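**Q** First the structure, then my questions, so here it is.
In this note's numbering, the protein residues as written are 134 to 756.
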């Protein structure tokens with residue numbers, strides 16, 4: 134029997150295929166691709182947009198204002214859906230495509246699925262050089278889209294219409310693979326998009342995808358059990374992989390049964406509520422005194438679903454040189470770091486199987502109570518920094534606490550870069566699981582508002598926690614990327630945005646001065662500007678209002694409290710601004726290895742260099 138075919142352009146076939154891919158979330162069948170963020174140009178408007186326009190009811194297209202921000206919105210959506218559902222972002226060729234590279238890097242670093250589709254130059258090269266083409270004189274096969282190779286998990290350029298038959302399933306398989314999860318990129322040359330081909334009908338049969346749960350090697354599990362049984366002061370580090378595996382309850386139950394405290398990475402924060410019986414705080418450079426004290430004393434560390442980034446490990450100074458690591462991770466690359474006993478497998482299944490291998494073993498009886506006592510001391514320290522005072526300019530900590538108190542149980546906190554991350558990682562008290570998104574794998578300035586838009590979209594359908602995204606960012610980040618305030622208003626999605634105005638890049642200024650360099654080119658007053666004595670500040674409330682948002686400028690913490698209640702009752706995106714202290718921070722006690730000049734005429738730099746050498750002397754060796 135000859136297979137039946139349907140004649141479609143390559144672009145039409147690609148779009149039709151996207152519409153028949155499905156997944157299951159909370160037992161419900163839903164489209165795998167929830168929608169498309171698109172900015173059209175000559176590289177994708179005539180063919181791809183024609184195809185997308187025909188399927189608006191099945192695959193809605195949303196117009197972004199900037200290619201980077203719309204792709205970041207797709208990243209925020211994927212994170213809110215815990216990698217179970219995917220958005221597409223499409224751009225034209227040249228600058229439009231390159232604008233998405235930063236978002237691809239963000240998705241790649243955070244192991245999040247996004248399908249990026251960009252127009253490309255002509256495969257036949259007849260009209261070359263075309264508008265926005267960057268020519269490589271010695272290699273005409275290279276286009277700007279090759280820039281995506283370093284920041285994607287899957288990369289392809291479609292030079293014949295038939296190629297999508299094999300390429301698209303491979304792209305999805307990469308995005309849904311728990312070990313290789315990340316963005317996929319497909320370049321669509323303009324002349325290939327327009328070509329018609331007789332596609333087999335079977336290619337468009339609906340397909341139900343699932344995320345695999347790889348099982349760990351039995352010998353590795355037994356070795357892990359033997360090592361853990363030797364522990365007197367064990368510690369569990371819970372990472373983002375725990376959340377994506379939906380293993381939070383399994384890890385918590387395991388920890389409670391075995392008497393092991395749990396500390397969370399930045400990506401892992403939000404897996405447990407703040408006052409969960411086994412929770413002992415966030416770990417690392419922007420972590421808690423409780424978690425870092427436990428890390429320093431731990432003899433066996435069970436790292437689950439974490440890539441052990443420097444902000445988690447204090448640049449590998451947070452642990453004893455003698456500590457032993459057991460690393461449970463779906464990715465071999467992450468599991469084998471730092472001489473760890475690697476247990477390669479799905480977090481939820483592996484924790485269950487490890488539990489079965491431990492018999493009646495428990496950590497010493499006083500270990501978990503001691504951890505909770507340390508955590509209570511940390512919670513009291515937070516209170517001392519977060520309690521409102523009569524000072525005219527509030528601190529970040531005070532603002533974070535005020536927002537935290539006003540937030541509903543299922544509202545999601547979103548932040549990414551600048552001074553806010555350290556304050557929310559330490560001070561945000563999570564009320565419900567999976568309501569915290571701090572993008573610090575890439576620490577991408579500009580992620581926040583875009584991710585808020587994507588997160589707002591993700592609050593519809595299965596897998597949603599409900600509630601309103603609450604975006605917290607500084608003035609510096611706001612100035613980098615804010616146009617999705619307008620996007621959210623335009624599309625009818627609601628978020629609350631709090632802009633903390635501390636007069637520039639305050640946290641970088643803090644780092645700069647801590648390493649011995651006087652303030653330079655970070656705070657507005659330290660920049661080459663017309664009036665350093667009175668730097669011009671943006672009226673963020675007025676700016677947001679011009680984009681259609683409800684907005685208020687808050688003059689005090691009391692103002693902010695009232696404005697938050699008002700914002701919660703609004704039917705659209707609301708932006709609140711408040712001036713904050715550029716010099717007051719909740720203390721952290723973990724080290725960070727950054728480059729400090731080996732020679733300098735500044736005595737302050739020489740002292741900082743000596744301190745940096747002390748940090749490096751404490752580092753564990755063995756990446």
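The beta carbon of each residue, even a glycine, is placed where N, CA and C say it ideally should be. Every value quoted in this text rests on a predicted model; they were computed, and no experiment measured them.
Please name the residue, chosen from 197, 165, 159, that lies closest to residue 620 on a Cα-to-Cα basis.
**A** Ranking 197, 165, 159 by Cα distance to residue 620 puts 197 first.
**Q** Do you know offhand how far residue 610's Cα is from residue 490's?
**A** 48 Å
**Q** Please specify which runs of the beta strand (DSSP E), each continuous and at least 3 residues long, are wholly inside the segment 138-207, giving them in chain order.
**A** 138-142, 154-158, 161-164, 166-171, 194-196
**Q** Does residue 161 pass the burial test, meaning 16 or more other C-beta atoms within 10 Å, or should it be called exposed?
**A** exposed
**Q** Grab me the residues of residue 684's own chain with a C-beta within less than 6 Å of its C-beta, minus the 5 sequence neighbours each way, in chain order.
**A** 674, 677, 678, 708
**Q** Classify residue 462 as helix, strand or coil using the three-state DSSP reduction.
**A** strand
**Q** Starting from residue 220 and walking both ways along the alpha helix (DSSP H), at which residues does that stretch end?
**A** Premise fails: residue 220 lies in the beta strand (DSSP E), 219-224, not in any alpha helix (DSSP H).
**Q** Helix, strand or coil: how does DSSP classify residue 578 here?
**A** coil
**Q** Please classify residue 75: does DSSP put it in a helix, a strand, or coil?
**A** The first residue shown for the chain is 134 and the last is 756, placing residue 75 beyond what the model contains.
**Q** Under 8 Å Cβ to Cβ from residue 453, same chain only, skipping five residues before and after it: list those, please.
**A** Closer than 8 Å at the Cβ level, and outside the excluded window around residue 453, lie 429, 430, 431, 432.
**Q** May I have the straight-line CA-CA distance separating residue 547 from residue 572, to the nearest angstrom?
**A** 8 Å
**Q** Would you list the residues sitting across from residue 529 in a DSSP beta bridge?
**A** As DSSP reads the structure, residue 529 sits in no beta bridge.
**Q** Beta carbon of residue 676: closer than 7 Å to some heavy atom of the ligand ZN?
**A** This structure does not include the ligand ZN; it has no bound ligands of any sort.
**Q** Where do the ends of the beta strand (DSSP E) carrying residue 273 lie?
**A** Per DSSP, residue 273 belongs to no beta strand (DSSP E) and is neither H nor E.
**Q** Assuming residue 194 and residue 174 are in contact, meaning their beta carbons sit under 8 Å apart, how far apart are those beta carbons, in whole angstroms?
**A** Not quite, the Cβ-Cβ distance comes to about 14 Å (not below 8 Å), so this is no contact.
**Q** What does DSSP give as the partner residues of residue 251 in its beta bridges?
**A** 224, 320
**Q** Below 8 Å between beta carbons: does that hold for residue 303 and residue 181?
**A** The answer is no: Cβ separation not under 8 Å.
**Q** Since residue 207 contacts residue 222 with CB under 8 Å, what's their CB separation in whole angstroms?
**A** 5 Å
**Q** Compute the distance between the beta-carbons of residue 381 and residue 566, then report whether it is under 8 Å.
**A** yes
**Q** In this structure, does DSSP put residue 605 in helix, strand or coil?
**A** strand
**Q** Please report the straight-line C-alpha distance between residue 421 and residue 722, rounded to a whole angstrom.
**A** Whole-angstrom Cα-Cα distance: 8 Å.
**Q** Please confirm whether residue 569 and residue 403 have their CB atoms less than 8 Å apart.
**A** Yes, the pair counts as a contact, with Cβ atoms nearer than the cut-off.
**Q** Tell me which same chain residues have a C-beta within less than 8 Å of the C-beta of residue 748, skipping the five on either side of it?
**A** 448, 450, 724, 725, 726
**Q** From the DSSP output, in three-state form, read off residue 445 for me.
**A** Helix at residue 445.
**Q** Is DSSP giving residue 689 helix, strand or coil here?
**A** For residue 689, the secondary structure class from DSSP, reduced to helix, strand or coil, is coil.
**Q** How do the segment 551-563 and the segment 390-410 stand: do at least 3 beta-carbon pairs fall below 8 Å, yes or no?
**A** In the pairwise beta carbon analysis, the segment 551-563 is classified as touching the segment 390-410: at least three pairs are separated by under 8 Å.
**Q** Along the chain, which unbroken stretches of the beta strand (DSSP E) at least 3 residues long are found entirely within the segment 696-751?
**A** 707-712
**Q** Here's the rule I'm using: 16 or more other beta-carbon atoms within 10 Å means buried, otherwise exposed. How should residue 270 be labelled?
**A** Per the 10 Å Cβ criterion, exposed.
**Q** Whether or not the segment 153-168 and the segment 535-551 are in contact is what I'm after, with contact meaning three or more pairs of Cβ atoms, one per stretch, closer than 8 Å; do they touch?
**A** Verdict: no, contact absent.
**Q** Quick check: what's the CA-CA separation for residue 731 versus residue 649?
**A** 12 Å
**Q** Can you name, in chain order, every residue of its own chain whose Cβ lies under 6 Å from the Cβ of residue 199, other than the five neighbours on each side?
**A** 616.
**Q** Quick one, which of 632, 586, 156 has its alpha-carbon nearest residue 606's?
**A** The shortest C-alpha separation from residue 606 is found at 632.
**Q** Whole angstroms are fine: how far does the CA of residue 338 sit from the CA of residue 441?
**A** Distance between the alpha carbons of residue 441 and residue 338 is about 41 Å.
**Q** How would you call residue 516, buried or exposed, if buried means at least 16 neighbouring beta carbons within 10 angstroms?
**A** exposed
**Q** Cβ atoms of residue 266 and residue 229: under 8 Å apart, would you say?
**A** Taking C-beta atoms as the reference points, residue 229 and residue 266 fail to come closer than 8 Å.
**Q** Thinking C-beta only, is residue 695 closer than 8 Å to residue 486?
**A** No. Outside cutoff.
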